[in-house]
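Notes follow once the structure below has been shown.
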Amino acid sequence: MSWGTELWDQFDNLEKHTQWGIDILEKYIKFVKERTEIELSYAKQLRNLSKKYQPKKNSKEEEEYKYTSCKAFISTLNEMNDYAGQHEVISENMASQIIVDLARYVQELKQERKSNFHDGRKAQQHIETCWKQLESSKRRFERDCKEADRAQQYFEKMDADINVTKADVEKARQQAQIRHQMAEDSKADYSSILQKFNHEQHEYYHTHIPNIFQKIQEMEERRIVRIGESMKTYAEVDRQVIPIIGKCLDGIVKAAESIDQKNDSQLVIEAYKSGFEPPGDIEFEDYTQPMKRTVSDNSLSNSRGEGKPDLKFGGKSKGKLWPFIKKNKSPKQQKEPLSHRFNEFMTSKPKIHCFRSLKRGGATPEDFSNLPPEQRRKKLQQKVDELNKEIQKEMDQRDAITKMKDVYLKNPQMGDPASLDHKLAEVSQNIEKLRLETQKFEAWLAEVEGRLPARSEQARRQSGLYDSQNPPTVNNCAQDRESPDGSYTEEQSQESEVKVLATDFDDEFDDEEPLAAIGTCKALYTFEGQNEGTISVVEGETLYVIEEDKGDGWTRIRRNEDEEGYVPTSYVEVCLDKNAKDS
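Residue 383 in my numbering is what sits at position 386 of the sequence shown, and the numbering runs on without skipping anything.
Okay, structure coming up:
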C-alpha cells in the first residue's frame, strides 16, 4: 500500500489532506491549551475557597477552631489546597510535555510538507515542459510533411504541363526535394523528443512521484503516531497525580475519623463552665398563720427593709447569691408567683457590677471579675502565661545588652559602653513592671482557685503602687462586687495575708570577683586571640570554662587566675560540670 502507486494522479487531493492533518494537530494543541487554562482556573478557585474559609488570625473565629470537628475542617481545607496544587501540576505538565512539544513539531511538519510538495511541483513542471516540447516538435513535423506534400504535388503539376519551361520544372523539383528533407528532419527530431518524453514520463510516474508521495505518506503517518502519543501523554499526566490526589482524599478521611465528640463536649464544658453550684430547694412559706407568718430565709421576696438573711441552697448557708436571682428593690413590691421567678432564673443575665466600668461603656474589668469563676480562672491563667513570656523576652534582651556592654568594656573601639546604660535601665524597668503585674494577676488567680480567698492588704498596696506608675485603662472594681445588681459575689470566708515576693535586682555588671569555673574545654584548633578580650589557645590544650555561649558564638574560658578571655565556640569542645550547670 503506497500512495505513490495508488494515488499517483491525486497530487492536489494529497496536498489538501496533509493540510487538514496539520489543522487537526493544531486543533488538538488548542484543546490541550484550553484544558490547562481550565486546570489553572480550577486550582485558583480551590485555593481561594480554602483561603476564604480559613479562620482569621487573632479573632474569635480562631478560638472556635479548637474543637476536633473544626480541626478536621481545617485539615480538609489544607488538603484541598494540596489538591489544587495537583491540578496546577497537571496544567504545567500538559503545557511542557504536550503543548510545547507539539507546537515545535507542527513547525517542523509544515517545513517538511512544504519541501515535499515543492519537489512534486518541480517534477510536474519538468514533465509539463517535456510535453510542450513534444507537442511543438509534433506540430513542426506535421507542418513540414504538409509542405513537402504540397511541394511534390506542385512539381508533378509543373512536370506534366508542356507549356512550362524546363528550368521551372527543375526549380519545382528541387523545392520538393528540400521540403521532403525538412520533413525527414522534423520526423527525426519528433521521434527523438518523443522517446525522451516517454522516458521522462516513465521516470515521473514510476520514480519521482512515488518517491515524493512516499515521503508525504511517511510524514502523514508520523503525524498520526505523534498525535496518538500526545493523547497517551495527556492521560498519563492525569494518572501521575492520582496517587497524590488519593493521599489528599485519604487525609480528609483521616481528619474526619479524628473527630471526637466526647472531647468536643469536654471543650464545651471548659469553655462555658461557670463554677457556680446549682440552686437548692425553695423552702415552703406557710401563710396559714397570719400573725406568726415569717418569711423563709430562702424566699425570693425577701426585701432589704427586713434585713439581709442568708440565702440557703442545698441546706448550706453561704455568703453569696445565685448570680441570676434578683432581689426585690422595694419592701412594698407585690410578690410574684414562683413560676415567674423561675422564668427569671432561666432568662436573666449577670449584670456588670462596677459603675465605673459602666461609665466607660462596659469595658472589661482588669481582674475579669465580670466572668464566672471558672472562666475568670482561665483568663487569669492565660494572662499570667503571657506576662511570663514577656518577662522572659525582656530578660533575654537584658542578657544580650549586658553581653554587648561587656564586650564594649573590653574592646572600647567597638562602641561606647555608656551608650547602653539607658537601654539597660529601660529594660530593667520593664522587667520590674511586668513582675509587679504578674504578681497582681497571680494573687487574683490564687484568690479564684481558692489558694487565697481574698486579696491581702500588701497585694493591694503592691497593685496600687503599679497603678500609680501606669494607670490602667479599666479600674479594678473587684471590691465593689455586690449582689443587688444581679451579678455574683465572691465567697469571702476568711482573710489571709498575701506575701508578695520582692525580687531584688542583682547587678550583673560587677566583674570584681572572678567567676567560678563551670566546666572544662579542649581546644580543637589553634586560635590566635589578637583582639582585646580574646585569648589564644593551642590545639589540644585543656582550659576552664567560666561562661557558656550565650548565642553569639563565643565562650569565655580561663587558663589561670590572671589569663582569661573569649574564644570561638566552634574551636573548643566544652564539657560542663553537671552540678554547676544545674545550679
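Every residue gets a Cβ at the ideal spot worked out from N, C-alpha and C, and that includes glycine.
- Cβ atoms of residue 523 and residue 536 come within 8 Å of each other, at about 5 Å.
- If you look at residue 565, you'll find it in the beta strand (DSSP E) that goes 560 to 565.
- Residue 265 holds the alpha-carbon nearest to the alpha-carbon of residue 64 among 151, 104, 265.
- Leaving aside the five residues that flank residue 189 on each side, none in its chain has a CB nearer than 6 Å to its CB.
- Residue environment: residue 154 is assigned as exposed (fewer than 16 neighbouring CB atoms within 10 Å of its CB, all protein chains considered).
- The Cβ-Cβ distance between residue 177 and residue 120 does not fall below 8 Å.
- One alpha carbon belongs to residue 53, the other to residue 411, and they sit about 46 Å apart.
- In this structure residue 46 is not in contact with residue 210, their Cβ atoms being roughly 56 Å apart against a cut-off of 8 Å.
- Assignment of beta-bridge partners to residue 557 by DSSP yields 560.
- Minimum Cα-Cα distance from residue 526 among the listed residues 553, 514, 518, 511 corresponds to 553.
- Taking residue 516 as reference, the option from 246, 232, 539, 6 with the minimal CA-CA separation is 539.
- For residue 446, the closest alpha carbon among the candidates 421, 370, 364, 157 is that of 370.
- Rounded to the nearest whole angstrom, the C-alpha separation of residue 172 and residue 152 is 8 Å.
- With respect to the C-alpha of residue -1, the residue from 214, 556, 439, 391 having the closest C-alpha is 214.
- Counting C-beta pairs with one atom in each stretch, the region 73 to 87 and the region 243 to 262 have three or more that are closer than 8 Å, which means they touch.
- Residue environment analysis places residue 91 among the buried positions, since at least 16 neighbouring C-beta atoms fall within 10 angstroms of its C-beta.
- Classified as buried, residue 362 has 16 or more neighbouring CB atoms from the shown chains inside 10 Å of its CB.
- DSSP links residue 132 through a beta bridge to no other residue.
- Each of 95, 99, 49, 88 was checked against the Cα of residue 75, and the nearest Cα belongs to 49.
- In this structure, the CA atom of residue 368 is about 11 Å from the CA atom of residue 377.
- According to DSSP, residue 519 shares a beta bridge with 539, 570.
- In this structure the region 115 to 129 does not touch the region 15 to 31; the number of beta carbon pairs closer than 8 Å is below three.
- Annotation for residue 406: 414 place their beta carbon closer than 6 Å to its own, counting only its chain and skipping 5 residues before and after.
- Around the C-beta of residue 237, fewer than 16 other C-beta atoms lie within 10 Å, and the residue is accordingly described as exposed.
- Residue 5 carries a coil assignment under DSSP once its states are collapsed to helix, strand and coil.
- Taking a C-beta distance under 8 Å as the contact criterion, residue 69 and residue 262 do not qualify as a contact pair.
- Residue environment: residue 437 is assigned as buried (16 or more neighbouring CB atoms within 10 Å of its CB, all protein chains considered).
- In this structure residue 30 touches residue 96 by the C-beta definition: roughly 6 Å separates them, less than 8 Å.
- The Cβ atoms of residue 183 and residue 141 lie closer than 8 Å to each other.
- Taking a 10 Å sphere around the C-beta of residue 3, we find fewer than 16 other C-beta atoms and assign the residue as exposed.
- From the listed residues 207, 575, 365, the smallest Cα separation to residue 5 is found for 207.
- Residue 100 sits exposed, since fewer than 16 C-beta atoms from the chains shown fall within 10 Å of its C-beta.
- For residue 551, the pairing in a beta bridge is given by DSSP as 565.
- Listed as beta-bridge partners of residue 544 by DSSP are 553.
- Cβ contact annotation for residue 72 (same chain, cutoff 6 Å, sequence separation greater than five): 252, in chain order.
- Restricting attention to 180, 551, 559, 541, the CA atom closest to the CA of residue 572 is found in 541.
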